[in-house]
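Add 487 to a position in the sequence shown, counting from 1, and you land on the number used in the working numbering. Written out below as structure tokens is the structure these notes cover.
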Amino acid sequence: MLKRLKLQNVALIEIIEINFEKGLNVFTGESGSGKSLILDSLNSLFGGTNIPLNHLIRPGKTECLIQARFDLTPSVRDWLENNNISPSIKNADELNIERRSVVKNSKIISKFYLNQISLKRKCLESLGNILLDFAGQSDAFLFASKDHLMSIIDGFGNEALKEINSKVKTLWRKCKEIEDQLDLKLLKLEKDKDNFNNSSKMLKVLENSNLNDVNEIELLKIKQIKLANNFELKKLITDSLSLIDNSNYETNTIISYIGEIIKFIKKVIQYDQNANNFYDQIISIESQIENFKLSLNEYLYEIDNDDNNLNIIQQRIFELQKVEKSFSMNLSELIKKRNELRNLGDFNYKEDEINQLKDNLRVSNSKLIDLFRIQSEKRKKVAGSLEASVNSLFTDLGLQNSIFKIDFKSTENSCNGSDEVKFLFSANPDQSLAPLSQVISGGEMSRFLLALKSQISNISSTLFFDEIDNGLSGKSLLALIRLMKNISSKRQVLCITHHPLLAASANVHFKVQKNIKNGFTCTSLSKLKTKKERQSEIAELIGGGFEEASDYALTLIDKAAA
């Protein structure tokens, strides 16, 4: 329920604060006084465009405020949950919604807030559909919208239909996600095959190059230096060995000198036992020299028996460097690229993934088709109930010859199902059923809307009717008023009217006036609290200026209260 509305510097309004109540709240006033600004401001609060942006801010001002306070109902709590809105709002008792608009750099910038938390306009629009339902003769164009018509049927449906609708949307999104994954993988597979075909020549070169070690060129260069200096190496090692020991038993070798030292140390020990440590050391040196000699001989043997050919090594280095230069990559990058190209050519696992996605999509689509069928059956059942309920009210509303029918036909599948609906209407027996938006008159639209809203008034917590009684009189008007009173006993109803009968039936009565203040036009609003104030205003609606009008106004008020 809408509890409070504050408008500041909005269009012709300087400042208005309205405290609404349960039941039927009516607005009256002369034509052009600004009654519709109340409705239009609420429309603007939720991102609507009933007030053009360039007329939103009052002339001479640079900012405006539209602020409304609502009760927090279970359906609103569900909306907050589904839209991941802050838990602090869900736990609040009321909703405070604001639209603040300012002029900045010659442009009007608007920001929207929910309990002081910034919110996107689109998000607030969907919340507005739950909180408020606007209705007027101008709504005829809405009935040309297929989505709007389906939302009426879904809103009239029970929890079972809502559950099916939710399942359809969830499974539809899942199918779309699978389709997107499948498209991406098919595109990638095709691209990989093209890349592989384009890169197969490179892969062949790299495979033929037999690349295994990222350090191969460095290792080959070390071998190249060794082989290129083979003769010098042999000579140096041989000379080193001859200095250590030789087969000619010459006395000027390291081994012979060590032998002489050992003899000397043995004699020293004869005179001093403490010299045994020297003996151990020289024996250790002798052993190390022998091991060193052995290592040199092994190295010499390796040089003599090295199978590597210098030309072969140099040729391999040349080939590797040529490959590096050809592809502008070093050896490490070439090996990595070769491995990537090898994997690129393995399409089996990718095709397996694609086949799995196709199977998943086939299963999900089959389930979705079953859900579409169930959804369609439930919607048709709901539509039949809505048809009967609305048609049953036509006689009292003076539409006894009218027929309302909801027509279904299959359409392209979407997240909303596989059905398309039309609201068909015929006002006379000799008139064929046709789309409601094309054949219904203004007066007929008023009564049809009221009949429809009376059946679906549980969708929004507050209904706002804009001159829905326009053009009606007699029994049709009385039936309309009874129906509005019935709706207002269950839901809050806001209504703009020029009719004294409807105004007299209100639970709360507001008077809207236009004034000139300091040369500026402004709209003001007052709540008629006393019976005398209401009597005076209703007399003005009747025509005013004569005593009988005032007496009749009082009679209407008393009769409505009885």
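C-beta atoms are modelled at their ideal positions from N, C-alpha and C, and glycine is treated no differently. Since we're looking at a predicted model, the values are computed, not measured.
Judged by their CB atoms, I1025 and A1040 are nearer to each other than the 8 Å cut-off.
Nearest to K867 by alpha-carbon distance, out of S924, S905 and F533, is S905. C662 is classed as buried because its beta carbon has at least 16 other beta carbons within 10 Å across all chains shown. Under the DSSP definition of a beta bridge, K892 partners with L911.
Annotation for N583: the continuous beta strand (DSSP E) segment containing it runs E581 to K591. Where N699 is concerned, there is no enclosing beta strand (DSSP E), because DSSP gives it neither an H nor an E. The straight-line gap separating the alpha-carbon atoms of Q942 and L619 is approximately 16 Å. Going by C-alpha positions, W566 is about 19 Å away from L529. The beta carbon of Y766 sits closer than 8 Å to the beta carbons of I749, I752, K753 and I756 from its chain, once the five residues preceding and following it are set aside; these are given in chain order. Note that the C-beta distance between K998 and T1008 is not below 8 Å. In this structure, I639 keeps its C-beta atom at 8 Å or more from the C-beta atom of K865. The segment 969 to 987 makes no contact with the segment 641 to 656: fewer than 3 CB pairs, one atom from each, lie closer than 8 Å.
The Cβ atoms of L524 and L540 do not sit closer than 8 Å to each other. Going by beta carbons, R586 and S597 fall inside the 8 Å limit. Cα atoms of R556 and E666: separation of roughly 44 Å, rounded to the nearest angstrom.
Of the other Cβ atoms in all chains shown, fewer than 16 fall within 10 Å of the Cβ of N842; this residue is therefore exposed.
Where N717 is concerned, the enclosing alpha helix (DSSP H) starts and stops at N717 to I731. Assigned with DSSP and collapsed to three states, L884 falls in coil, not helix or strand.
The three-state reading of DSSP puts P987 in helix, counting H, G and I together. Under the Cβ criterion (8 Å, minimum of three pairs), the segment 1011 to 1025 does not count as touching the segment 537 to 554. With a cutoff of 8 Å on beta-carbon distance, A1036 and S992 are scored as not near each other. Counting the other CB atoms within 10 Å of its CB gives S947 a total of 16 or more, which places it among the buried residues. One alpha carbon belongs to F912, the other to L964, and they sit about 21 Å apart.
Annotated as distal: K675 and E840, with beta-carbon spacing of 8 Å or more. Residue pairing by DSSP places Q495 opposite I502 and L552 in a beta bridge.
Taking a contact to require three or more Cβ pairs closer than 8 Å, the segment 573 to 583 and the segment 503 to 513 do not qualify as touching. Contact fails between the segment 685 to 700 and the segment 765 to 782, because fewer than three Cβ pairs, one in each stretch, are under 8 Å apart. DSSP, reduced to helix, strand and coil, places T536 outside both helices and strands of the structure shown, so it counts as coil. Cβ neighbours of F952 within its own chain (closer than 6 Å, five residues either side excluded): A622 and C982.
In the same chain as S928, and ignoring 5 residues on each side of it, the C-beta atoms closer than 8 Å to its own belong to A914, in chain order. Secondary structure of S1011 (DSSP, three-state): strand. Bridge partners of N1002 according to DSSP: C1009. Straight through space, the alpha carbons of L781 and N792 are spaced by roughly 17 Å.
DSSP places L511 inside the beta strand (DSSP E), whose first and last residues are L511 to T515. T1042: member of the alpha helix (DSSP H) spanning E1034 to A1048, first to last residue. In the DSSP assignment, L606 falls within the unbroken beta strand (DSSP E) covering I604 to L606.
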